[in-house]
Amino acid sequence: MIAVEKYFHKLSLCIIVLFFISGQCYAKTKEEWVKQCMDETLTGDLKTATAACNQALVIDPDYVEALFWRGTALAHQNNCSYAIKDFSRVLVQQPNDVEALNNRAVCYRDLKHYELALNDINAALYIDAKYMEAYMTR
Numbered sequence: 002m003i004a005v006e007k008y009f010h011k012l013s014l015c016i017i018v019l020f021f022i023s024g025q026c027y028a029k030t031k032e033e034w035v036k037q038c039m040d041e042t043l044t045g046d047l048k049t050a051t052a053a054c055n056q057a058l059v060i061d062p063d064y065v066e067a068l069f070w071r072g073t074a075l076a077h078q079n080n081c082s083y084a085i086k087d088f089s090r091v092l093v094q095q096p097n098d099v100e101a102l103n104n105r106a107v108c109y110r111d112l113k114h115y116e117l118a119l120n121d122i123n124a125a126l127y128i129d130a131k132y133m134e135a136y137m138t139r
């Protein structure tokens, strides 16, 4: 009986080592999740992008990059009400983020909240008068 227990113990250790070597037990960092989110957003796999950013936000719920890219992916999925929430959370931490202001303005515009959209565009242009995206959104 002891010989059988030793055999299974060695076997289980081998399996654990194989999992580690094969990368099965590899945990991504929040930066790696956001990189995947960015890549998936840019290639158009928006549901996978959103899921990747969700994983980054499990690690750090206030991670600005994850909030920004999840908002971007959500906006591209025409889920502007949730995208606005993410861009708003970005702006709480980084109030001068003209890209977040512009993206939130696009969402407000798509939801026909024109006054809120114009407020964000004007704020972005006040921060950076050379930010061309804001002029195009306006």
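Sequential numbering from 2 applies to the sequence shown in our numbering. Idealized CB from N, CA, C, for every residue including glycine.
Asked	Found
Quick one, are the C-beta atoms of residue 124 and residue 102 less than 8 Å apart?	yes
Restricting to Cα atoms, I'd like to know which of 63, 65, 75 is closest to residue 52.	75
DSSP three-state label for residue 72, please.	helix
Quick check on residue 103: does DSSP put it in helix, strand or coil?	helix
Just checking my contact of residue 132 with residue 99 at CB under 8 Å: how many whole Å lie between their CB atoms?	5 Å
I need the DSSP call for residue 90, collapsed to helix, strand or coil.	helix
Can you give the Cα-Cα distance for residue 136 and residue 129, rounded to whole angstroms?	11 Å
Could you tell me which of 126, 113, 69, 82 sits nearest to residue 95, measuring between CA atoms?	69
Is the beta carbon of residue 47 less than 8 Å from the beta carbon of residue 77?	yes
Between the alpha carbons of residue 91 and residue 107, how many angstroms are there, rounded?	15 Å
Between the Cα of residue 105 and the Cα atoms of 116, 97, 85, which residue gives the shortest distance?	85
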